[in-house]
Amino acid sequence: RRVSQDFLVPWEPTWPSDAATPAAFHRRLKRFHAGWRDASTYAFVIVDKDDRILLGGITLSNVRRGVAQSGSIGYWIGEPHARNGYMGEAVQLMLTFAFDTLRLHRVEAACLPSNEASRAVLLKAGFTQEGLARRYLRINGEWRDHLTFAILRTDPRPSVPVYV
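And the structure:
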């Protein structure tokens, strides 16, 4: 992430100054483990299948059971790996996990209106744009509007190439 910090700043919340330290990384891992334990958040890293270098990350969070059966995805990709299809594949695999493994009914996502690459990833994965959330998230120090998207388990999706 540190290598791509300037690339990611326009799209992400402001990270604490110590975010790239080993201590901060361990705190994040603890939060991720807690999320898996309580079935509320599922975080994955995206690695190159051949050389295993870190490309990015994807998270299914705010998993709601009961009458909602839904969750929200968020993701990031390092600048050298952007626009190479990795995130599209990761989103498709996350949807397979959300719908087939967790049996969710709905997955939501949001992106800045100016983030054309993210919007394209979501639309290509089968998401439908549903609206605009005003001042939805604090990005790079200011509250920003976001486009909202969702996909239902019953919606058509592209087939997923599986690499094991």
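What the sequence shown shows, in our numbering, is residues 1305 to 1468, in sequence order. Idealized CB from N, CA, C, for every residue including glycine. In this text the structure is predicted, and so the values were computed from the model without any measurement.
For the stretch 1327-1377, which segments carrying the beta strand (DSSP E) assignment without a break, of at least 3 residues, lie completely within its bounds, in sequence order?
-> 1346-1351 and 1358-1368
Through-space distance from residue 1367 to residue 1466, alpha-carbon basis | At residue 1466 the pLDDT is 46, less than 50, meaning the model places this residue with poor confidence and gives no usable figure here.
Can you grab the Cα-Cα spacing for the pair residue 1401 / residue 1378, in whole Å?
-> 14 Å
Just how far apart, CA to CA, sit residue 1359 and residue 1416?
-> 21 Å
Could you check how far apart the C-beta atoms of residue 1414 and residue 1440 are, in whole angstroms? I think they sit under 8 Å.
-> 6 Å
Within the stretch 1428-1466, ranges of the beta strand (DSSP E) (whole runs, at least 3 residues) = 1432-1443 and 1446-1456
Quick one, are the C-beta atoms of residue 1455 and residue 1411 less than 7 Å apart?
-> yes
In terms of DSSP beta bridges, what is residue 1379 paired with?
-> 1362
In DSSP terms, what residue 1402 is bridged to | Paired residues: none, contrary to the question.
Assign residue 1422 to buried or exposed, taking buried as 16 or more other Cβ atoms, counted over all protein chains shown, within 10 Å of its Cβ.
-> buried
What number of angstroms, rounded off, separates the C-alpha of residue 1370 from the C-alpha of residue 1343?
-> 13 Å
Would you say residue 1384 and residue 1430 are within 7 Å of each other, going by their C-beta atoms?
-> no
On the premise that residue 1382 lies in contact with residue 1408, defined as a C-beta separation below 8 Å, what is that separation, rounded to the nearest angstrom?
-> Not confirmed; about 28 Å, so no contact.
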